[in-house]
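Per the UniProt record's numbering, the sequence shown runs over residues 1 to 600. C-beta atoms are modelled at their ideal positions from N, C-alpha and C, and glycine is treated no differently.
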Amino acid sequence: MSMTDHAQEKTFLGIERSVTGKWWRERNLDDRLATTIAQRFGVPEVVGRVMAARDIGLDDAESFLNPTLRDLMPDPSTLKDMDKAAARIADAVIKGENIAVFGDYDVDGATSTALLKRLFAALGRDVVVHIPDRQKEGYGPNSPALLDLQRRGANLILTVDCGVTAYAPLTDAREAGIEIIVVDHHAAEPELPPAVAVVNPNRLDDESGLGHLCAAGVAFLLSVAILRELRSRGWLEQAGIRAPDLRNWLDLVALGTVCDVVPLRGLNRAFVTQGIKIMRHRNNVGMAALADIAGVNETPSAYHLGFMLGPRVNAGGRVGESFLGTTLLSGDDPAQALDIARKLDEYNRERKAIEDIVLDQAISAVESQSKVGAMVLVGGEDWHPGVIGIVASRLKDRYHVPALVMGMVDGVYKGSARSVRGIDLGAAIIAARQAGLLINGGGHGMAAGFTLDPEKRPAFEEFLETRFAKIIAENDIRPTMTVDGGLHAMGATLDLIEALEKLGPFGAGNAEPRFVFPECRVVKADVVGADHVRCILSGSNGKGRLKAIAFRSLDNDMGQTLLKHGGRPLHILGHLRRDSWQGRDGVQLMIDDIALPVLG
1 MSMTDHAQEK
11 TFLGIERSVT
21 GKWWRERNLD
31 DRLATTIAQR
41 FGVPEVVGRV
51 MAARDIGLDD
61 AESFLNPTLR
71 DLMPDPSTLK
81 DMDKAAARIA
91 DAVIKGENIA
101 VFGDYDVDGA
111 TSTALLKRLF
121 AALGRDVVVH
131 IPDRQKEGYG
141 PNSPALLDLQ
151 RRGANLILTV
161 DCGVTAYAPL
171 TDAREAGIEI
181 IVVDHHAAEP
191 ELPPAVAVVN
201 PNRLDDESGL
211 GHLCAAGVAF
221 LLSVAILREL
231 RSRGWLEQAG
241 IRAPDLRNWL
251 DLVALGTVCD
261 VVPLRGLNRA
271 FVTQGIKIMR
281 HRNNVGMAAL
291 ADIAGVNETP
301 SAYHLGFMLG
311 PRVNAGGRVG
321 ESFLGTTLLS
331 GDDPAQALDI
341 ARKLDEYNRE
351 RKAIEDIVLD
361 QAISAVESQS
371 KVGAMVLVGG
381 EDWHPGVIGI
391 VASRLKDRYH
401 VPALVMGMVD
411 GVYKGSARSV
421 RGIDLGAAII
431 AARQAGLLIN
441 GGGHGMAAGF
451 TLDPEKRPAF
461 EEFLETRFAK
471 IIAENDIRPT
481 MTVDGGLHAM
491 GATLDLIEAL
501 EKLGPFGAGN
511 AEPRFVFPEC
521 RVVKADVVGA
531 DHVRCILSGS
541 NGKGRLKAIA
551 FRSLDNDMGQ
561 TLLKHGGRPL
571 HILGHLRRDS
581 WQGRDGVQLM
591 IDDIALPVLG
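Encoded structure:
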């Protein structure tokens, strides 16, 4: 976005810099379109306005409000190599060949691997699964693991949520006589690794338009293609096998989609909407056990998937046993599921404790630098590789630039990075690897991983700093909060919450609506938990009361502004949530930012 574009956009309430250093930008919208959407589809005016502000036109409004697989499901064959992959897998199923799945240790890897494991089990074929250990093996396929799967009898291996840049391991596998099918969604390069098929909507020659899918979404389409191929050959009927209803596993796809932070538009929106409906039935005993342990005692939403279930599934791969997530989500034994869920919950608590220590050290490392430029890059020899991705995300939020965090493993840096909107991190990491600055690396627009020789750290840092500074300058990228409009405290009602819920699920690509409550006064503020600040707000005219909370804000300007308000009026920006604490049904504001009213 250029400076001219910024000049044409509206600054909400004149806020160029909030207490957290952000510019408040009002979403542009077509008032006539908003009114037409509201009238034609029978939704409240506020819903029409939010939809219009997100560029949802009349042709897309129906599928946005009621996303269904029937309307949005593509032909899997539109994906490059899909038919080739389905045919080879069908051959293996029919002939009884030994199949293995090499997954990833994050939520997307666990869900996509669990989905395929369930599919093969329904077809009467037990597959061998390998999830690499984050510390010992790192991300993606490695030669020893692939060769070990061959020794265990597998001659066809599916790599899931990984593999598209694993050139050396897949070359070793081919030379050993192993056939590989890559099922991935990460950024690809012009050269593809040696494989029977590479199913990846983000390979450069793929024209499916499905690059927004996560691995679980790609695995679901592959499952559809496999069943279609087996049905066309008449094998299912001959074998007396009733094809599984893949819709019953959409809860897995929904969990992977939300947690991998891919855009919740189009097919992804249908996956999550329908998957949450499936989740309510609690058919997946592992997911049900995890929800119970996590304290999800209400109708699940994308929020519960992303912030309560996902972190626990991830915890096994971060600080515990990497295979636990897949085992939990692919199993049917309630007792085993409860045991694993408890382990994952404990690992998650351990992860939080480690994360807090590393984050404090990382912030100190950044603050010791002379200035923060177009990025931050920090590393520690004893930083746990299982938390560096989360710490990178925290640093990105704190400094509003791409953040790269590294830990030392066997004499080399293992890094994880998170980006800000407008800077393609995966492309930058791939470019650095192609320039000979990295041992390995890849990812997508907002997140990436890499392996770095310590001697090349200065050159790598200079490469990224130069690249990112140029992008920021050319596009005038700056910290921004996008505003959907203003509300009074008296307008924050359950009716409004119910109207806004029609726009869910919320997540990447479909941001939860944010509203400003102008010139509020803080009636009461205190600290809750370790570092959260909660408060009671009154409206600009002193009328109305609204509960609000600012998470993880005690030690930053936002939390201190609430605690030391001095009775002055404040513009409070946030998103509204249903508050069901202790059985009561109310409204609470989740505070995202605060600004002082502009004088004059």
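- Counting along the chain, Ala499 sits inside no beta strand (DSSP E); it lies in the alpha helix (DSSP H) bounded by residues Leu494 to Leu500.
- Under DSSP, Met558 shares a beta bridge with no residue.
- DSSP, reduced to helix, strand and coil, places Asn98 outside both helices and strands of the structure shown, so it counts as coil.
- In this structure Gly21 is exposed. Its beta-carbon is surrounded by fewer than 16 other beta-carbon atoms within 10 angstroms.
- If you draw a straight line from the Cα of Asp161 to the Cα of Ala122, it is about 22 Å long.
- Judged by DSSP in its simplified three-state form, Arg25 adopts strand.
- Between the C-alpha atoms of Pro190 and Ile430 there is a straight-line separation of about 11 Å.
- In this structure, DSSP gives Asn440 an extended state, which the three-state scheme calls strand.
- Assigned with DSSP and collapsed to three states, Pro169 falls in helix.
- For a cut-off of 8 Å, the C-beta gap from Asp81 to Ala197 is around 4 Å, short enough to register as a contact.
- Less than 7 Å divides the Cβ of Ile497 from the Cβ of Val587.
- Under the three-state reduction of DSSP, Met82 is assigned to helix.
- In this structure, the alpha-carbon of Asp60 lies about 35 Å from that of Gly163.
- In its chain, beyond the 5 residues on either side, Val319, His384, Gly386 and Val387 have a beta carbon closer than 8 Å to the beta carbon of Ile354.
- Inclusion of Leu589 and Ala550 in the CB contact set at 7 Å is not warranted, their separation being larger than that value.
- The three-state reading of DSSP puts Pro518 in strand, counting E and B together.
- A distance below 7 Å between beta-carbons, with the five flanking residues on each side excluded, links Thr480 to the following residues of its chain, in chain order: Lys22, Trp23 and Arg25.
- If you draw a straight line from the Cα of Ile15 to the Cα of Pro597, it is about 8 Å long.
- The closest CA to that of Phe463, considering only Leu377, Met406 and His575, is found on Leu377.
- DSSP places Phe41 in the uninterrupted alpha helix (DSSP H) bounded by Asp31 to Phe41.
- A distance below 7 Å between beta-carbons, with the five flanking residues on each side excluded, links Ala337 to the following residues of its chain, in chain order: Val285, Gly286, Ala289, Leu328 and Gly331.
- Secondary structure at Glu45: helix, using DSSP grouped into helix, strand and coil.
- Here Gln434 is exposed, its C-beta having fewer than 16 other C-beta atoms within 10 Å.
- For the region 152-201, the continuous alpha helix (DSSP H) assignments of 4+ residues that do not extend past its boundaries occur at 167-175, in sequence order.
- Taking every protein chain shown into account, the CB of Ala530 has fewer than 16 other CB atoms within 10 angstroms, so this residue is exposed.
- Within the same chain, Val258, Leu264, Arg269, Val272, Thr273, Ile276, Ser301 and Ala302 come within 8 Å of Pro505 by CB-CB distance, once the 5 residues on both sides are set aside.
- Per DSSP, the unbroken alpha helix (DSSP H) holding Cys259 starts and ends at Leu250 to Cys259.
- The Cβ neighbour count for Trp249, taken over all protein chains shown within 10 Å, is at least 16; the residue is labelled buried.
- CA-CA distance, Arg394 to Glu229, rounds to 45 Å.
- In the DSSP assignment, His571 is bridged to Ala595.
- One alpha carbon belongs to Glu237, the other to Ile181, and they sit about 26 Å apart.
- Proximity to Ile278 across Glu512, Ala254, Val262 and Val313 peaks at Ala254, based on C-alpha coordinates.
- Remark: C-beta atoms of Leu309 and Gly316 do not approach each other more closely than 7 Å.
- Assignment of Leu246 by DSSP, reduced to helix, strand and coil, places it in the helix class.
- Around the Cβ of Phe307, a 10 Å sphere holds fewer than 16 other Cβ atoms; the residue is exposed.
- Here Ala473 carries a helix assignment [DSSP, helix/strand/coil].
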